[in-house]
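K.L.:
Chains as they are written, first to last, in this note's numbering: chain A, 41 to 194; chain B, 5 to 212.
Each residue gets a CB set at the ideal place from its N, CA and C atoms; glycine is no exception.
Predicted, not measured: the structure shown is a model, and the values here were computed from it.
My questions will all concern the structure given below.
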Ligand SMILES: [Zn+2]
């Protein structure tokens with residue numbers, strides 16, 4: 041049996057199930073009630089410390105914090121090439137159509153005033169562009185949301 | 005490996021990728037991701053603020069301030085520690101800054117200390133008369149709450165709470181408090197010893 045009692049540091053380490061160098065302590069605590077009691081006391085104290093009530097605020101801090109956050113401007117990401125290629129494809133298709141069907145269009149628009157024609161074309165283009173923009177924005181939002189929930193679910 | 009060590013080996017690749025994902029989302033403007041960060045770290049931040057700030061009325065503003073700072077400096081986070089440790093460090097420094105500004109010591113208020121002494125004496129008297137009776141964990145936790153508040157220097161209180169309630173490792177506590185790991189260990193040994201002496205002196209004198 042180790043003659044001296046264990047040091048307080050050793051008693052704590054044993055109570056915390058941390059490694060204590062040497063082997064003599066094992067035999068010592070089997071025969072020394074004082075050290076064994078001290079380890080048991082420390083164990084009880086550590087268990088009670090983790091069982092202590094944790095402080096909380098009366099109100100929901102998460103809501104408070106989020107309401108005070110500055111508005112974030114999304115960092116500009118490198119522009120994707122997809123919209124550009126789609127645009128080129130659309131213009132090419134329109135060009136081919138006009139080239140092939142040009143004569144029919146001329147017949148069709150013979151009686152229409154040129155001012156009226158410009159107005160019609162401008163309106164059609166504006167509506168198409170706005171629709172595309174909205175579709176793209178909705179798509180992006182949905183993808184972000186999907187990615188976020190997929191990640192938080194795992 | 006021993007269970008006491010395994011429990012505290014938190015910093016791993018899963019944490020890094022989780023943290024990275026959340027930080028990237030916040031930087032892209034996703035406020036819900038920041039809400040997740042708040043949920044994950046709020047317990048730790050509240051513990052630090054409650055332990056270090058005696059004025060209950062100022063605690064809420066400090067927590068708010070901690071998260072505003074974390075939000076605005078998130079781009080500078082380099083993933084060299086867990087995100088929660090980084091937020092904890094901001095909380096600890098904010099509290100120190102507050103105490104410095106108010107020219108307060110990192111100490112409980114005089115009233116609180118007196119009150120604490122009264123409570124501790126009351127507890128001790130109670131158990132002097134029933135030394136035979138084993139304390140339930142709940143009773144011991146109640147006594148400890150007071151005893152921890154009496155620990156001096158006050159940094160011991162924070163260290164005890166971070167290690168035993170928040171289950172942080174010595175290294176993580178060192179990161180938060182900017183103390184060397186060896187110092188954290190040393191302070192914790194002393195704090196635990198003081199706690200045990202303080203608690204047991206009243207009702208188990210023969211053990212000391
Ligand atoms: Zn002994």
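1. Is any heavy atom in ligand 1 found nearer than 6 Å to the beta carbon of residue 197(B)?
2. From the DSSP output, in three-state form, read off residue 148(B) for me.
3. Does residue 71(B) have its Cβ less than 7 Å from a Cβ in chain A?
4. Quick one: Cα of residue 43(B) to Cα of residue 31(B), how far?
5. Is residue 173(B) helix, strand or coil when you go by DSSP?
6. With a threshold of 7 Å between beta-carbons, can residue 60(B) be considered close to chain A, or not?
7. Closer than 6 Å: is that where the CB of residue 72(A) sits relative to any heavy atom of ligand 1?
8. List, in order along the chain, the chain D residues whose C-beta lies closer than 8 Å to that of residue 50(A)?
9. Taking residue 164(B) as the query, report the chain A residues whose CB atoms sit under 9 Å from its CB, ordered along the chain.
10. Taking 7 Å as the cut-off, decide whether the C-beta atoms of residue 149(B) and residue 91(B) are in contact.
11. Is the beta carbon of residue 25(B) closer than 7 Å to that of residue 52(B)?
12. Apply the 10 Å Cβ neighbour rule to residue 58(B) and answer buried if 16 or more other Cβ atoms are within range, or exposed otherwise.
13. Using only alpha-carbon positions, find the residue among 44(A), 57(A) and 51(A) that is nearest to residue 193(B).
14. Taking buried to mean at least 16 other C-beta atoms within 10 Å of its own C-beta, is residue 122(A) buried or exposed?
15. Does the beta-carbon of residue 240(B) have 16 or more other beta-carbons within 10 angstroms, so that it is buried, or is it exposed?
16. Could you have a look at residue 72(A) and say whether DSSP puts it in helix, strand or coil?
17. Can you grab the Cα-Cα spacing for the pair residue 178(B) / residue 107(A), in whole Å?
18. What separation, rounded to the nearest whole angstrom, lies between the Cα atoms of residue 202(B) and residue 151(B)?
19. For residue 19(B), is the beta carbon positioned less than 6 Å from some heavy atom of ligand 1?
20. Output the distance between the C-alpha atoms of residue 76(B) and residue 88(B), rounded to the nearest integer angstrom.
21. Note down, in chain order, each residue of its chain lying with its Cβ closer than 7 Å to the Cβ of residue 93(B), except the 5 sequence neighbours on either side.
22. Hey, does residue 196(B) have any beta-carbon neighbour from chain A nearer than 7 Å?
23. So, for residue 47(A): in the same chain, excluding its five sequence neighbours on each side, which residues have a beta-carbon less than 6 Å away from its beta-carbon?
P.N.:
Here's the rundown:
1. no
2. helix
3. yes
4. One Cα belongs to residue 43(B), the other to residue 31(B), and the distance between them is close to 18 Å.
5. In the structure shown, the three-state DSSP call for residue 173(B) is coil.
6. no
7. yes
8. The structure shown contains no chain D; its protein chains are A and B.
9. 89
10. The answer is no: Cβ separation not under 7 Å.
11. no
12. When all chains shown are included, residue 58(B) counts as buried.
13. 51(A)
14. So residue 122(A) counts as exposed.
15. Since the first residue shown for chain B is 5 and the last is 212, residue 240(B) is missing from the structure and cannot be characterised.
16. coil
17. 32 Å
18. 7 Å
19. Result no, Cβ not under 6 Å from ligand 1.
20. If you take the alpha carbons of residue 76(B) and residue 88(B), they lie about 16 Å apart.
21. 179 and 180
22. Answer yes: the Cβ-Cβ gap between residue 196(B) and chain A drops below 7 Å somewhere.
23. So no residue of the chain qualifies.
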